[in-house]
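Novice:
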Amino acid sequence: MNPLVYKLEKLFYNPTAVVLMACSALALYLIFSNYKAVQFIIRSLKRNKLRTILTSLAILVLVLVVTAIWTILSKLDEITEEKSKDLKAMVTEKYGARSQMPYSYARGLADGGARKPSDVHPQDNMAWSFYIGSLEKGKFTRENFMFFFCMDPEKFPTMMDEVDTFSPTDLAILFESIKKMKADKKRIMVGKERLKLLNKRVGDRIKLFCQNYKDIDLEFEVCGTLPEGRYENSAVMNIDYLQDAIDGYARDHKGEKHPQADKALTFMFLKTEDRNSFERLAEQISTSSLFTNPAVKCDTASSGVASFLDAYRDLLWGMRWLLVPAILVTMALVISNAISISVRERRTEMAVLKVLGFSPSRILFLVLGEALFVGVLSGLISSGGLYLLINGLIGGIPFPIGWFGKFEIPLAAWWWGPAIGGGTAFAGSFFPAWSARTVKVSEVFSKIG
Amino acid sequence: MAAEPIVQVRGVHKYFVRGDEQIDVLNDLSLDVPEGEFMALMGPSGSGKTTLLNLIAGLDQPSEGVIVVGDQIISDMNETELARWRTRHVGFVFQFYHLLPVLTAYENVELPLLLLPMSAAERRRQVYTAMELVRLTDRMSHRPGQLSGGQQQRVGIARAIVTDPTLIVADEPTGDLDSKSAEEILNLMTELSTALQKTIIMVTHDPRSAARATRILHLEKGKLVRESAVYSLHH
Amino acid sequence: MMHNLPVRLWLAIPVAVTLLVFLLLVLVGKVPLSYNIRNLTVRWRTTLLTSLAFTLVISLMIVMLAFVNGLYELTQQSAVPGNIVILSDGAFDESMSNLGNASSSSPIYFMTQEQREQLATDDEGNPLVSLEAYIVVAQPIIIDGKPNGRRRFLQLRGLSDPAMTAKVHNLKMHPGGKWYSEAGVQPIERTETGEPTSEQAIQAVVGEGIARELGKDHYHRALQVGDFFEARDRKWIVTGILHSAGSTFDSEVWAKMQIVGPFGKEQWTTCIARVKDKDHALEMAKELTKTVKEVQVQVQREIDYYDKLNTTNFQFLLATAVVTVIIGIGGVFGVMNTMFAAISQRSKDIGVMRILGYARRQILISFFLESLFIALVGGVLGCALGYMANGLTATSIVSGGGGGKSVVLKLVVDVNILTGGILFALFMGAAGGLIPALSAMRLRPLESLR
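Protein chains in written order, with the numbering used here: chain A, 689 to 1137; chain B, 8 to 242; chain C, 8 to 457.
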C-alpha cells in the first residue's frame, strides 16, 4: 500500500485532521451563505487577472518557504520537548563527547541499576552501538558506505521512533526480517534508499570494511528492508554479531584485546513510565558502583538531542526569529502593494458603491475580503501542495544536521498555509482597505467631467 | 508655376479587419495641402477624418496608396523610420493635451528635442522661443496639474512647434476647453499659420474653429465630399 | 569560499557588466531619467512598499552570507601559512586522530635530521613544533546557578608547552594573563562559603569566545583571569585569555596534557610544525607522509586542513543561495505588480512619447530602468540593514565529514557581500521589470490615447 494513501486513511483518527475538516466545512458554509459578496470579490479579482496571479504566486512561494522552515523547527521542538509520560531515558558516558561504554554495562543498565526491592525497573530497554563500514577497503564515499544501528532486532518495534507510522506492509516486512535476523546474526535490514544507492538487493551478501572499529570487517546478508522515511538511509544489524567479532579479535591477535573492546556500547535506552520513575532511575544509575569507570549519565532522550543541537542554537534562532518574520513581512508588503494599487485605481467605483448605499464598513470588508481570498487560497494551495508533493514524492524534507533523516511535512501544514496567507493578507491590506472605506464621494466626483 | 504641395495624398485606402469583416475607413482619397495652409477636416463621427490625420502625421500606414510629406514618401517608411521622421517633421496637438504630469512645462516642451542631436544650450534656446510664442514663459517651471486647461494646451502647442516641424496636426485642439480658452488657442494657431507660415491640419467638429482655417474639407464615409475656402478678417 | 576564490575577478566581472549595461541603457535611452524618478516619488507609497520587500530580501541574504563568510574567515584565519598538520592516517579531523600515547615520542622525532633542519625556530632556537591532544567533554549548562538539563561540548586541548603552541598558531595572550604552571593545577584554599579546602583547581588558558560562554553560567559576564568554572566534576581556574577572536581556538580551553589527558584518549591527536620556507610546506607534507613509518600519519598543510573543514560551510552557502532565490521570487512578483500598474496608469504618457518619436526600445529602457531604480533603493537599504549584523557572534559547527568542531564565529559583512547584495537586488529588479517593460514597449500609441 502506498504510504501516502495509508496515511490519508489514518486522517479520520487524527484530531488535527478532524479540526481541519470542521474548519473547512465552516468556511464553505460562510462562503455559500454570503454568496453574492463572494461573487463580487471574485469578479473584482478577475478584473485584473495578471495582478491577482502575480500576487498569488508571490504568496504561494513565500508560504512554501515558511512551511518548510516550520516543519523543521516544529519537528525539532517536538523531539526536544520534555515529556511527562512514556519517557525514554538515554544512558551515555558522562564526560566524553562520544559515548563509549563497556558492553558489560548493558545487563546492569537494562535493570536500571536496581539494587533494592523498592528500586524502579525500566519497562523496556535497548543496547545500541554504531557500525560504519564501506564496501571498498581504504575508500569511504557517500556511495559505498553503510551506517548501522547495532541492537537486538526484537527491540526495534518497541524502542525505535516512528514505527507507528509504518504501513501494514512495512510492518509485516519488519517482523519477518526480525525473525530472520534472530535465526542468523549476519542478517541485516537496510533502508530502501541506501540499498538503491549501493545497487544491492534483498538476498545479496556483502562484506564491509569497518571505519570505526579497527580491523572489524564483517560479512552480511541482506534479509529485509526499512521503509521510506526516517530509516531509509540506515541499516540495522545484530549487536551480538559485533560483540562476538570484537571478542574474537583476541583469538586472532595472540590474546591481545581489541583496543575498543571496552568501548563498544554507545547508548542504553530505557523506557520509563513517567517523570518520577525516570528521576528515580537516573538516581539509581548515577549512584551505582557498577558504572563508575567510565562514569555514566542518564538523561531523557529529548535533552540529549537538545544538547546536540546546542551548537546550532544561533542558526535555529535565526531561522525562527529572523528568517520567518522577514518572509511574513515581505508577504504583507507584496499584498499591501497590490491592494493599494487596486484601491487607487477603483476610487470611482468605491465612490459609486457609497452613493448606492454601501456603508464604509461594507466597503472595508469587500477590500479585505479580496485580500483574504487571495491570501487564504494561495496559502492553502502552497502548504497543501507541499504536503502532498514532498511527503508523497520524497518522504520529507532532508535535514543534513546530525543523524536526522527526513522531516515529514506535518498535517498541521494544511492550516499553516491558510493562516499565514490570511494573516499576512489581513495585515497588509488593512490600511489600503481603510483608505477605500474613507473615500470621499464629493472629492471623487468633483474631478470627473 | 505653383509650388509643390507640402502634403500629397494619392489614392489612399485604409481598412481595418475585425474577425472576418473588413471595415473600410478611407476610400480612394486624394488631396494636396499647400505649404502654409491652415486646413480643417470636418465630418460626422466615423467619417475617417481622424484616420486621415493620423496617416498624414505618420502615425499609421495606408492599406493602399501613397502619402508624400515634403519630399518624403512616408507611406513607404517602416515604424522606426516613421518615428524618426515624426520627431523632426510633425508637431501633434491633442484634444486632451497629453502632457506628462510629472514633468514641468519646460520639460514637456523639451521632450522631443531630446531625440535630436542638440546641446543643452541649444535646447534651452528652442524651448524658450516656443514658450515665448505661446506666451507662457512665466509658467515654465509649473507642472500640468498647476496649469489651467488653456495653459496646458498652450504648452501642448509649444511642444508641437519646438522642433520647427514641417507640419502641425491638431486633433480637436479646443474640444476640452471653455470658449474663452478655445478662442485663445485658435488665435495662437492662426498666428502660427499667418505669421510663421506653418502648415496646419486640424480635425474639428466645431464650425467656429473651422472658420479660422483657410480651407475646410468635409469627409463622409471615407470620401472627400466637399471642399470650401474660407475668407475672413484673419486673412 | 569568498576568500578562496579569486574574489575580485569573481565579483568584478558581474559588477563591470552591470555598470556597462547600465551606462549603455542610460546613453541609448532618451527618455529623461527625471521622468522615471519623479514618477517614483509621486507614487512614493507604492515605491516604498516595493522597495521594502527588496530591503528585507537583501538584508536577510546579507546576514546569511555574513554567517557563512564568518565560518570561512574563521577557518582561514586559523590556518598559518607554513604550518603543517600531522594527524593519524584515516582521520578526517583531530577528533578522530590518534598519534600515540602521551608519554611516547612524537612524530617529530621520526623526522630525519635534514627534515628537522627545514623547520622554523623561535627566538631561542627551538623548533616551532606543538604536540596537542584534542579532547571534547560534555559539560552541564548552568542557568541561574542550576543545571538546566542540557550540556555543551567543551573543547579541551591538552598541551605540554602552551607558550610554544601559541607561537605555532600565531596566538597571543591578553595582558594580565599567564600560561599555566608546570604542575598544571593550583590549590583553591577556600570554598565559596569560605571554608578551607585541599581541592586543587586545574589551571587553564581559554579562548575569548568560550570565556564569554562559560562566564554566562555563573558570572553573567565573560570569564576573566582568576575566575573559576566547572567541568568533569572539577574546578578550573582561568590563568590567561587568548587573543583568539576569529580563529577556531576561540572556543577552546588549554590545559596541561598530563592533567586533562585522562579525560580523553590519553594520546596525542595532533602535531603541528612550522616549515621555514612556507612555499616548501606542501612538499614537506608529502615527504613526511611517506617517510614517517613508526606511526601511520597523514601530513598536510594547515591551510589545506582547514579548507577541508569547510564542507559544512559549503552546505550552508548552498542553503543560503536556495532560500534567497526562493524569497527573491516574492520580491520579483512584487515589482512586477508595481510596474504593470505603473504602465497601465501611464499608458497615455507612453502613447505621447511614441508619437513624439521615441522608439519602442527607448520606452522599454525607460521602464526597465525604473524597476532597476526601485531595486537599487531597496538593495541599498537592505545592505545598510544587513550591515548591522557585522561583528555579531554566533555558534556553529565546522566539519570536514568527521565529528565537527563547535566554534564561535563573528558574522562578517564585507565589500564582496554588499556588492553581491546590490547585484542580486538589481537582478531581481531586472527579472521583475523586464516583462512589464516589454509590454510597455508593445503598446500601440493610438490605442493608448483612446
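Built from N, CA and C at the ideal position, the CB exists for glycine as well.
#1: Is the Cβ of B:Val24 closer than 8 Å to any Cβ of chain C?
#2: Compute the distance between the beta-carbons of B:Leu120 and B:Arg132, then report whether it is under 8 Å.
#3: Assuming A:Thr992 contacts A:Gln899 (C-beta within less than 8 Å), just tell me the rounded distance between them.
#4: Can you list, in chain order, the residues of its chain with a C-beta nearer than 7 Å to that of C:Leu456? Leave out the 5 residues immediately preceding and following it.
#5: Could you give the distance in angstroms between the alpha-carbon of B:Ala165 and the alpha-carbon of B:Leu89?
#6: Check distances from the C-beta atoms of the region 356-368 of chain C to those of chain B and list, in chain order, the residues that come in under 9 Å.
#7: To which residues does DSSP link A:Gln931 through a beta bridge?
#8: For C:Lys37, go through chain B and note every residue whose CB falls closer than 7 Å to its CB, in chain order.
#9: Hey, is the region 71-85 of chain B in contact with the region 18-28 of chain B, meaning 3+ C-beta pairs nearer than 8 Å?
#10: Under a three-way DSSP split, which group does A:Phe1053 fall into?
#11: Going along chain A in order, which residues have a C-beta closer than 9 Å to the C-beta of C:Asn177?
#12: Since C:Tyr141 is in the beta strand (DSSP E), which residue starts that stretch and which ends it?
#13: Please determine if the region 131-149 of chain C and the region 158-167 of chain C are in contact, where contact requires at least 3 C-beta pairs separated by less than 8 Å.
#14: So the candidates are C:Tyr365, C:Leu392, C:Asp240; which of them puts its Cα closest to the Cα of C:Phe4?
#15: The region 443-457 of chain C: which residues have C-beta closer than 8 Å to a C-beta of chain B, in chain order?
#16: Is the separation between the beta-carbon of A:Ile894 and that of A:Phe908 shorter than 8 Å?
#17: Which same chain residues, not among the five before or five after C:Val64, have their C-beta less than 6 Å away from its C-beta?
#18: Taking 8 Å as the cut-off, decide whether the C-beta atoms of A:Asp840 and A:Met814 are in contact.
#19: Would DSSP call A:Arg875 helix, strand or coil?
#20: Return the Cβ separation of C:Val92 and C:Glu309 in integer angstroms, given the expectation that the two are a contact with Cβ distance under 8 Å.
#21: To the nearest angstrom, how far is the alpha carbon of C:Gln207 from that of C:Asp311?
#22: Go ahead and label B:Val37 buried or exposed: buried means 16 or more other beta carbons lie within 10 angstroms of its beta carbon, across all protein chains shown.
#23: If you follow the alpha helix (DSSP H) that A:Lys880 is part of, which residue opens it and which one closes it?
#24: Measure the alpha-carbon distance for C:Arg362 versus B:Arg93 and round it to whole angstroms.
#25: Over the uninterrupted beta strand (DSSP E) stretch that includes C:Ala208, give me the two end residues.
#26: Thinking C-alpha only, which one of A:Ser1123, A:Thr980, A:Ala1115 is nearest A:Ile1051?
#27: In the DSSP output, what is B:Phe99 paired with across the bridge?
#28: Could one say the Cβ of B:Val19 lies closer than 8 Å to chain C's Cβ atoms, at least one of them?
#29: How should C:Glu377 be labelled, buried or exposed, when 16 other C-beta atoms within 10 angstroms of its C-beta is the threshold for buried?
#30: Would you list, in chain order, the members of the region 140-151 of chain C that have their beta-carbon closer than 7 Å to a beta-carbon of chain A?
#31: Identify whether C:Val87 lies in helix, strand or coil by the three-state DSSP scheme.
#32: What separation, rounded to the nearest whole angstrom, lies between the Cα atoms of C:Thr82 and C:Ile69?
#33: With 8 Å as the threshold, decide whether the Cβ of A:Tyr793 is near any Cβ in chain C.
#34: How would you label C:Arg228, buried or exposed, when you count the other beta carbons within 10 angstroms and need 16 or more for buried?
#35: Between the C-alpha atoms of C:Pro13 and C:Lys285, what's the straight-line distance to the nearest angstrom?
#36: Within 8 Å of any Cβ in chain C, is that where the Cβ of A:Ala1115 sits?
Specialist: Taking the definition as stated:
#1: The sequence position of residue 24 of chain B within the second sequence is 17, counting from 1. Taking Cβ atoms only, chain C never reaches closer than 8 Å to B:Val24, which makes this a no.
#2: Your numbering for residue 120 of chain B matches position 113 in the second sequence. Your numbering for residue 132 of chain B matches position 125 in the second sequence. The answer is no: Cβ separation not under 8 Å.
#3: For the purposes of this step, residue 992 of chain A is taken as the residue at position 304 of the first sequence. For the purposes of this step, residue 899 of chain A is taken as the residue at position 211 of the first sequence. Reading off the sequence shown, one finds Gly at residue 992 of chain A, where the question assumed Thr. Wrong, their Cβ atoms sit about 23 Å apart, outside the cutoff.
#4: As a working mapping, residue 456 of chain C is identified with position 449 in the third sequence. Here the set comprises Lys355, Gly358.
#5: Mapped onto the second sequence, residue 165 of chain B falls at position 158. Mapped onto the second sequence, residue 89 of chain B falls at position 82. When rounded, the distance between both Cα atoms is 22 Å.
#6: Asp356, Gly358, Val359, Met360, Arg361, Ile362, Leu363, Gly364, Tyr365, Ala366, Arg367
#7: Within the first sequence, numbered from 1, the residue matching residue 931 of chain A stands at position 243. DSSP, once it has assigned bridges, lists no residue as partnering A:Gln931.
#8: Taking the first residue of the third sequence as 1, we reach residue 37 of chain C at position 30. Per Cβ cutoff of 7 Å: Leu121, Leu122.
#9: yes
#10: Here the question's residue 1053 of chain A lines up with position 365 in the first sequence. It is helical.
#11: Counting from 1 along the third sequence, the entry for residue 177 of chain C is found at position 170. Result: empty, since nearest Cβ-Cβ is about 26 Å, beyond 9 Å.
#12: Looking up residue 141 of chain C in the third sequence gives position 134. Segment 136-150, the beta strand (DSSP E) holding C:Tyr141.
#13: yes
#14: Given a span of 8 to 457 for chain C in the structure shown, any question on residue 4 of chain C remains unanswerable.
#15: Pro452, Leu453, Leu456
#16: The count along the first sequence starts at 1 and reaches residue 894 of chain A at position 206. The count along the first sequence starts at 1 and reaches residue 908 of chain A at position 220. A contact, by the Cβ cut-off of 8 Å.
#17: Working through the third sequence from its first residue, we reach residue 64 of chain C at position 57. Ile334, Gly335, Gly338, listed in sequence order.
#18: The sequence position of residue 840 of chain A within the first sequence is 152, counting from 1. The sequence position of residue 814 of chain A within the first sequence is 126, counting from 1. Closer than 8 Å, so yes.
#19: Counting from 1 along the first sequence, the entry for residue 875 of chain A is found at position 187. Reduced to three states, the DSSP call for A:Arg875 is strand.
#20: Residue 92 of chain C sits at position 85 when you count from the first residue of the third sequence. Residue 309 of chain C sits at position 302 when you count from the first residue of the third sequence. The Cβ separation is near 5 Å, so the contact holds.
#21: In the third sequence, residue 207 of chain C corresponds to position 200, counting from 1. In the third sequence, residue 311 of chain C corresponds to position 304, counting from 1. Each residue's Cα considered, the two are about 40 Å apart.
#22: Numbered from its first residue, the second sequence carries residue 37 of chain B at position 30. The amino acid occupying residue 37 of chain B in the given sequence is Ser; Val does not appear at that position. It is exposed - the Cβ of B:Ser37 has fewer than 16 other Cβ atoms within 10 Å.
#23: Counting from one through the first sequence, the residue named residue 880 of chain A turns up at place 192. Start and end: 880-886.
#24: Taking the first residue of the third sequence as 1, we reach residue 362 of chain C at position 355. Taking the first residue of the second sequence as 1, we reach residue 93 of chain B at position 86. Looking at the sequence itself, residue 362 of chain C is Ile, so the reference to Arg does not match. Approximately 7 Å between the Cα atoms of the pair.
#25: Numbered from its first residue, the third sequence carries residue 208 of chain C at position 201. Unbroken beta strand (DSSP E) run through C:Ala208: 203-214.
#26: For the purposes of this step, residue 1051 of chain A is taken as the residue at position 363 of the first sequence. Of A:Ser1123, A:Thr980, A:Ala1115, the residue nearest in Cα terms is A:Ser1123.
#27: Locating residue 99 of chain B in the second sequence gives position 92, where the first residue counts as 1. Note: B:Phe99 sits in a beta bridge opposite B:Val176.
#28: For the purposes of this step, residue 19 of chain B is identified with residue 12 of the second sequence, where counting begins at 1. No - not a single Cβ of chain C is within 8 Å of the one on B:Val19.
#29: Within the third sequence, the letter at position 370 stands for residue 377 of chain C. Looking at its Cβ environment, which holds 16 or more other Cβ atoms inside 10 Å, C:Glu377 is buried.
#30: Val143, Val144, Ala145
#31: Residue mapping note: residue 87 of chain C aligns to position 80 of the third sequence, counting from 1. If DSSP states are grouped into helix, strand and coil, C:Val87 belongs with coil.
#32: As a working note, residue 82 of chain C is residue 75 in the third sequence. As a working note, residue 69 of chain C is residue 62 in the third sequence. Cα to Cα, the separation comes out at about 20 Å.
#33: The residue labelled residue 793 of chain A in the question sits at position 105 within the first sequence. With 8 Å as the cut-off, A:Tyr793 does not count as an interface residue toward chain C.
#34: In the third sequence, counting from the first residue as 1, residue 228 of chain C sits at position 221. Looking at its Cβ environment, which holds fewer than 16 other Cβ atoms inside 10 Å, C:Arg228 is exposed.
#35: Taking the first residue of the third sequence as position 1, residue 13 of chain C is located at position 6. Taking the first residue of the third sequence as position 1, residue 285 of chain C is located at position 278. Unreliable positioning characterises C:Pro13 in this predicted model, as indicated by a pLDDT of 43, which lies under 50. The coordinate reading is nonetheless provided below. Spanning the two alpha carbons is a distance of roughly 21 Å.
#36: Here residue 1115 of chain A is taken as the residue at index 427 of the first sequence, counted from 1. So, not an interface residue.
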